[in-house]
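Below is one structure, written out as structure tokens; comments come after it.
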Amino acid sequence: MKQQENRAEPQEKQIRFIDSHYNLKFYIPDGGKIRITFRDGHTTDRVCKYIDDYHLYVGNCCYHICEFAEKMELNGSKVEPINQSEPSKNKTRNREKQR
1 MKQQENRAEP QEKQIRFIDS HYNLKFYIPD GGKIRITFRD GHTTDRVCKY IDDYHLYVGN
61 CCYHICEFAE KMELNGSKVE PINQSEPSKN KTRNREKQR
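Below you can see the structure in the form of structure tokens.
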């Protein structure tokens, strides 16, 4: 008799971005990008990597999620997700357009 395997679909890891009071701002997928807009208007894009629910890499720097939020607030910087596609709605619409 063959043993049935119970394999759950692997879930994509999500990186949580918060403010310094732990209020949720947004999520991005592991490997997603953020745009940081500095007080002077200069912007930079960074790839983010999931470490665990409370830690991430922003570029090559490791942060606790609250540490990163505090640093951005202290510098007067704004953080937003980039290269985000809408959930599966767009994929469905695109498939219909291709038919």
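The UniProt record's numbering puts the sequence shown at residues 1 to 99. The beta carbon of each residue, even a glycine, is placed where N, CA and C say it ideally should be. Computed from a prediction, not measured in an experiment: that's the story for all the values here.
Determine the extent of the alpha helix (DSSP H) in which residue i is found, giving its start and end residues.
i: Glu67; result: 65-75
My understanding is that residue i touches residue j, with C-beta atoms under 8 Å, so please give their C-beta distance in whole angstroms.
i: Ile28; j: Ile36; result: The pair is not a contact, with the Cβ atoms about 13 Å apart (cut-off 8 Å).
i: Ile18; j: Tyr50; result: Contact flag wrong, Cβ pair sits at about 15 Å.
Check residue i in the structure and name its three-state DSSP category.
i: Glu12; result: coil
i: Phe26; result: strand
i: Phe38; result: coil
i: Asp45; result: strand
How about residue i and residue j: are their beta carbons less than 9 Å apart?
i: Cys62; j: His55; result: yes
i: Asn75; j: Phe26; result: no
i: Tyr57; j: Cys48; result: yes
i: Gly41; j: Pro81; result: no
In the DSSP assignment, find the beta strand (DSSP E) that holds residue i and state where it starts and stops.
i: residue 114; result: Coverage of the chain is limited to positions 1 through 99, which leaves residue 114 absent and any answer about it impossible.
i: Tyr57; result: 55-58
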